[in-house]
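Asker: The structure's right below; bear with me while I get my questions together.
Below, the structure written as structure tokens:
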């Protein structure tokens with residue numbers, strides 16, 4: 021369907037024609053005329069839905085023409101068709117009743133209706149009541165006038181009817197439900213078409229025009245069940261239906277003759293619009309209806325609120341209102357409802373400081389998007405910064421949301437100065453270090469300089485509280501320019517406490533929180549921190565720290581190197597002793613002749629000489645490595661330990677192969693050695709003594725060796741007798757059974773195990789043992805050995821006599 025620029029509607033006229041008068045050229049009811057743009061789709065819609073329906077009973081009774089009410093109908097099916105009809109009485113080409121004329125306007129463009137609802141066109145001056153002179157009729161052109169019923173008349177209709185509010189609530193609810201699954205068709209009962217159309221106009225004025233245009237109605241119909249429109253009206257005198265308010269037949273019935281309706285539960289949405297019509301300027305209400313639809317919000321409540329905010333000039337916006345507004349402004353194109361949009365933004369920005377952070381953050385985004393005057397974005401940003409600072413100062417929390425940049429040139433120096441002043445004010449007001457921290461984070465996030473010197477008293481209180489509570493989760497890395505001066509102040513406070521005698525306490529609290537410079541300075545705080553690191557760190561972390569510090573110390577200027585190294589080593593082990601691995605590590609790191617601090621050297625020497633903890637070869641090896649590199653003073657005590665270790669090592673290596681002359685020297689060497697070192701070598705020397713092959717040598721060696729070696733030697737020696745193998749241990753044990761330097765229990769144990777060996781040994785082993793005994797033993801012992809062998813052969817018990825009793829005596 022095409023129309024010219026000034027054409028609002030194409031038109032059609034339907035009536036009874038004489039031959040040649042209508043579009044068909046024949047006699048009878050047909051389209052008598054049409055405008056050039058009216059097509060067959062429009063003609064089909066009008067003919068099927070909008071034609072006047074005269075009542076058969078009245079036509080039979082030949083009622084006067086004045087009794088017949090006019091008709092008015094509207095339908096939609098891809099095109100819109102609104103029609104006004106009148107009854108004309110007898111046919112144009114005969115004497116029968118039933119002639120009528122329907123004048124219809126049709127369009128595919130909803131804008132043709134301007135802002136009017138179809139029912140408002142009832143009574144418009146352009147409607148025709150007689151056929152056109154030819155088969156072509158004029159379209160309705162712009163400008164055109166609607167009927168007399170407007171929004172003010174609509175409100176009057178409701179207010180002047182004692183049940184007007186109730187009726188409109190129910191009618192609007194019914195129209196809203198038409199598109200739903202439980203919607204019911206609406207049926208009016210009335211003698212006055214105009215009255216019905218006034219109610220339809222009033223209800224559809226509270227619906228968006230686009231929605232209203234798609235609600236078809238027919239006033240009047242002789243058969244509501246067959247009418248295609250969802251809204252119909254019947255004349256009570258036409259007997260068109262038996263439906264009543266009490267027996268509604270599935271319709272929502274509105275009987276205007278009785279001013280009653282079906283009990284339709286009112287939709288809160290309908291009630292809201294009806295109350296608004298009664299309480300506000302009706303033209304504002306009409307504007308709100310269209311504005312709500314234009315917002316694009318599917319949620320009707322939100323659309324209503326937005327329209328109210330944009331149209332009504334009410335009190336200041338609430339936070340609830342503001343959140344609805346900013347959400348819509350953010351998520352819709354700036355071209356949507358531009359004039360109303362600008363008014364809404366002005367309302368939001370009139371007193372921007374009233375809003376909380378979330379609203380200000382959205383407003384900041386809106387302002388940056390170009391929807392406001394260029395002077396507005398900095399105002400919003402300042403208000404947002406102020407709100408975030410306030411939250412930080414009250415709650416101790418700071419947002420991490422990154423904001424976009426303001427338009428170039430918008431942010432000026434005065435805005436920076438204003439915000440930095442706010443930072444100082446908040447710092448001066450806070451009393452909790454977490455809040456102080458949060459304010460600094462907000463300042464840094466917005467690239468503001470936090471002038472902590474301008475809040476000197478608060479800064480000092482913050483530093484004291486921070487020093488007292490190192491467990492606080494503060495974020496110096498997020499303080500920007502304030503980080504360095506505040507950390508310096510913290511170090512000064514902690515240094516003061518260290519000097520006041522609380523070094524260990526400070527170190528334990530801060531060792532893992534503060535960075536310290538390398539090489540180690542002479543700052544007492546650094547010393548306390550490094551010493552605490554050694555206390556609280558595992559071996560791997562300690563080794564890493566030692567390497568770093570000692571390496572840095574060795575890298576200092578020659579004139580300062582010795583002092584720096586000594587200070588570093590003394591500090592590292594000021595609270596804990598070095599482990600052997602750490603002594604070993606230092607020995608590897610330090611060059612020859614770079615002496616350890618005396619206290620550290622003394623710790624190792626005392627550990628060896630005191631023997632409070634088990635001394636191992638590792639201790640001696642570490643001491644020897646320090647000794648060899650001249651990292652430890654070669655005092656008499658150190659010399660004795662080192663030389664004892666050397667001597668006993670030599671004894672251990674040469675003892676198994678030594679001759680008799682050499683064996684006689686070993687007891688003296690061992691006896692001269694330092695006692696803890698003798699303990700270290702006890703096991704190795706015992707094993708070496710057992711390797712001595714000559715029984716006489718073993719006997720003499722054991723007599724002269726220090727007594728602490730007797731027990732381990734005998735334990736190993738006698739253990740070998742339980743399973744006969746080597747002959748020498750059996751002969752040595754036989755000799756020791758008579759040794760006067762052993763106690764009776766030891767001698768008896770030796771003799772018992774020798775007897776055991778003899779019983780278990782084979783003939784060859786006994787002969788070899790006998791040969792050795794005859795070489796080394798006295799005559800008495802030889803006789804006793806022979807007696808022991810004989811008693812074994814004869815199966816009788818043997819008891820030693822002379823030499824054993826002599827030994828016991």
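Residue numbers (this note's numbering): 21 to 829.
Beta carbons are placed, not taken as given, at the ideal position from N, Cα and C, and that holds for glycine.
Please read these numbers as outputs of a predicted model, since none were measured by experiment.
Name the DSSP bridge partner or partners of residue 125?
Answerer: In the chain shown, residue 125 corresponds to position 105, counting from 1. In the DSSP output, where bridge partners are listed per residue, residue 125 has 31, 102.
Asker: What does the alpha-carbon distance come out to for the pair residue 601 and residue 643?
Answerer: Here residue 601 corresponds to residue number 581 of the chain shown, with the count starting at 1. Here residue 643 corresponds to residue number 623 of the chain shown, with the count starting at 1. Spanning the two alpha carbons is a distance of roughly 12 Å.
Asker: Once you ignore the five residues that flank residue 638 on each side, which residues in its own chain have a CB closer than 7 Å to its CB?
Answerer: The residue you call residue 638 lines up with position 618 of the chain shown. The answer, listed in chain order, is 600.
Asker: Can you tell me whether residue 439 is helix, strand or coil according to DSSP?
Answerer: Counted from its first residue, the chain shown places residue 439 at position 419. Helix at residue 439.
Asker: Once DSSP output is grouped into helix, strand and coil, what is the label at residue 265?
Answerer: Within the chain shown, numbered from 1, the residue matching residue 265 stands at position 245. Reduced to three states, the DSSP call for residue 265 is coil.
Asker: Under a Cβ-count criterion, where at least 16 other Cβ atoms within 10 Å of its own Cβ denotes burial, should residue 804 be classed as buried or exposed?
Answerer: If you number the chain shown from 1, residue 804 lands on position 784. Classification for residue 804: buried.
Asker: Give the DSSP-derived three-state secondary structure of residue 580 in the structure shown.
Answerer: Taking the chain shown and counting its residues from 1, the one referred to as residue 580 is at position 560. Helix.
Asker: Measuring only the C-alpha atoms, how far is residue 342 from residue 223?
Answerer: Here the question's residue 342 lines up with position 322 in the chain shown. Here the question's residue 223 lines up with position 203 in the chain shown. Looking at the two C-alpha atoms, the distance is approximately 30 Å.
Asker: Could you give the first and the last residue of the continuous beta strand (DSSP E) run that contains residue 48?
Answerer: The residue given as residue 48 occupies position 28 in the chain shown. Segment 48 to 54, the beta strand (DSSP E) holding residue 48.
Asker: Among 37, 218, 255, 562, which one has its Cα closest to the Cα of residue 77?
Answerer: The residue given as residue 77 occupies position 57 in the chain shown. The shortest Cα separation from residue 77 among 37, 218, 255, 562 belongs to 255.
Asker: Do residue 52 and residue 40 have their beta-carbon atoms positioned less than 8 Å apart in this structure?
Answerer: Counting from one through the chain shown, the residue named residue 40 turns up at place 20. Counting from one through the chain shown, the residue named residue 52 turns up at place 32. No; because the gap between Cβ atoms is not below 8 Å, this pair is not in contact.
Asker: According to DSSP, residue 109 sits in a beta bridge with which residue or residues?
Answerer: Here the question's residue 109 lines up with position 89 in the chain shown. BP columns for residue 109 point to 119.
Asker: CB-CB under 6 Å to residue 247, same chain, minus the five flanking residues each way: which ones, in chain order?
Answerer: Counted from its first residue, the chain shown places residue 247 at position 227. Within the same chain, 238, 241 come within 6 Å of residue 247 by CB-CB distance, once the 5 residues on both sides are set aside.
Asker: Could you have a look at residue 93 and say whether DSSP puts it in helix, strand or coil?
Answerer: Position 73 of the chain shown, counted from the first residue, corresponds to residue 93. Reduced to three states, the DSSP call for residue 93 is strand.
Asker: Can you tell me whether residue 795 is buried or exposed? The criterion is at least 16 other CB atoms within 10 Å of its CB, across all chains shown.
Answerer: By one-based count along the chain shown, residue 795 stands at place 775. Its Cβ having fewer than 16 others within 10 Å, residue 795 is exposed.
Asker: Quick check on DSSP: helix, strand or coil for residue 165?
Answerer: As a working note, residue 165 is residue 145 in the chain shown. Note: residue 165 maps to coil in three-state DSSP.
Asker: Determine the extent of the beta strand (DSSP E) in which residue 208 is found, giving its start and end residues.
Answerer: The residue labelled residue 208 in the question sits at position 188 within the chain shown. That run of the beta strand (DSSP E) goes 206 to 209.
Asker: Hey, quick one: how far does the beta strand (DSSP E) through residue 518 stretch, first residue to last?
Answerer: Here residue 518 refers to the residue found at position 498 of the chain shown. Neither: residue 518 is in no beta strand (DSSP E) and is coded neither H nor E.
Asker: Is DSSP giving residue 252 helix, strand or coil here?
Answerer: Looking up residue 252 in the chain shown gives position 232. Note: residue 252 maps to strand in three-state DSSP.
Asker: Whole-angstrom Cβ separation of residue 171 and residue 359, contact assumed at under 8 Å?
Answerer: Taking the first residue of the chain shown as position 1, residue 171 is located at position 151. Taking the first residue of the chain shown as position 1, residue 359 is located at position 339. 20 Å between Cβ atoms; not a contact.
Asker: Does residue 281 come out as helix, strand or coil in the three-state DSSP assignment?
Answerer: For this step, residue 281 is matched to residue 261 along the chain shown. Residue 281 falls in the strand class under three-state DSSP.
Asker: Note the first and the last residue of the continuous beta strand (DSSP E) segment covering residue 239.
Answerer: Position 219 of the chain shown, counting from 1, holds the residue named residue 239. It spans 237 to 239 - the beta strand (DSSP E) in which residue 239 sits, taken as one unbroken run.
Asker: Do we get a CB-CB distance below 8 Å when we pair residue 512 with the residues of chain C?
Answerer: Absent from the structure is chain C; it holds one protein chain and no more.
Asker: Let me know if residue 408 comes out buried or exposed under the rule of 16 or more other beta-carbons within 10 Å of its beta-carbon.
Answerer: Working through the chain shown from its first residue, we reach residue 408 at position 388. Only buried fits residue 408, as 16 or more other CB atoms lie within 10 angstroms of its CB.
Asker: In angstroms, rounded to a whole number, what distance separates the CA positions of residue 58 and residue 167?
Answerer: Reading the chain shown from its first residue, position 38 is the one you call residue 58. Reading the chain shown from its first residue, position 147 is the one you call residue 167. About 23 Å.
Asker: Pull up the distance between the alpha-carbon of residue 378 and that of residue 405, whole angstroms please.
Answerer: Locating residue 378 in the chain shown gives position 358, counting from the first residue. Locating residue 405 in the chain shown gives position 385, counting from the first residue. Taking the straight line joining both Cα atoms gives about 12 Å.
Asker: Alpha carbon to alpha carbon, how far is residue 60 from residue 66? Give it in angstroms, no decimals.
Answerer: The count along the chain shown starts at 1 and reaches residue 66 at position 46. The count along the chain shown starts at 1 and reaches residue 60 at position 40. Each residue's alpha carbon lies about 10 Å from the other.
Asker: From residue 114 to residue 36, what does the alpha carbon distance come to, in whole angstroms?
Answerer: By 1-based counting over the chain shown, the position of residue 114 is 94. By 1-based counting over the chain shown, the position of residue 36 is 16. Answer to the nearest angstrom: the Cα atoms are 10 Å apart.
Asker: Are the region 434 to 447 and the region 487 to 495 touching by the rule of at least three beta carbon pairs closer than 8 Å?
Answerer: no
Asker: For residue 830, which residues in the same chain have their Cβ closer than 8 Å to its Cβ, ignoring the five residues on either side in sequence?
Answerer: Summary: the structure shown does not reach residue 830, with the chain confined to residues 21 through 829, and so no result is reported for it.
Asker: Under the criterion of a Cβ to heavy atom distance below 7 Å, does residue 554 qualify as lining the ligand FMN?
Answerer: This structure lacks the ligand FMN; in fact it carries no ligand of any kind.
Asker: For residue 162, count the other beta carbons within 10 Å of its own beta carbon; 16 or more makes it buried, fewer makes it exposed. Which is it?
Answerer: For this step, residue 162 is matched to residue 142 along the chain shown. The residue in question, residue 162, is exposed, as its Cβ has fewer than 16 Cβ neighbours within 10 Å.
Asker: Residue 274 bridges to which residues according to DSSP?
Answerer: Within the chain shown, numbered from 1, the residue matching residue 274 stands at position 254. Bridge partners of residue 274: 208, 281.
Asker: So, residue 177 versus residue 227, is the Cβ gap smaller than 8 Å?
Answerer: Position 157 of the chain shown, counting from 1, holds the residue named residue 177. Position 207 of the chain shown, counting from 1, holds the residue named residue 227. Cβ distance not < 8 Å, so residue 177 and residue 227 don't count as in contact.
Asker: Since I believe residue 555 is in contact with residue 595 (beta carbons under 8 Å), could you give me their beta-carbon distance rounded to a whole number of angstroms?
Answerer: Stepping through the chain shown from its first residue, residue 595 is reached at position 575. Stepping through the chain shown from its first residue, residue 555 is reached at position 535. Between residue 555 and residue 595 the Cβ distance is about 5 Å, and since that is below 8 Å, they are a contact.
Asker: Since residue 87 is in the alpha helix (DSSP H), which residue starts that stretch and which ends it?
Answerer: Indexing the chain shown from 1 puts residue 87 at position 67. Judged by DSSP secondary structure, residue 87 falls outside any alpha helix (DSSP H); it is assigned neither H nor E.
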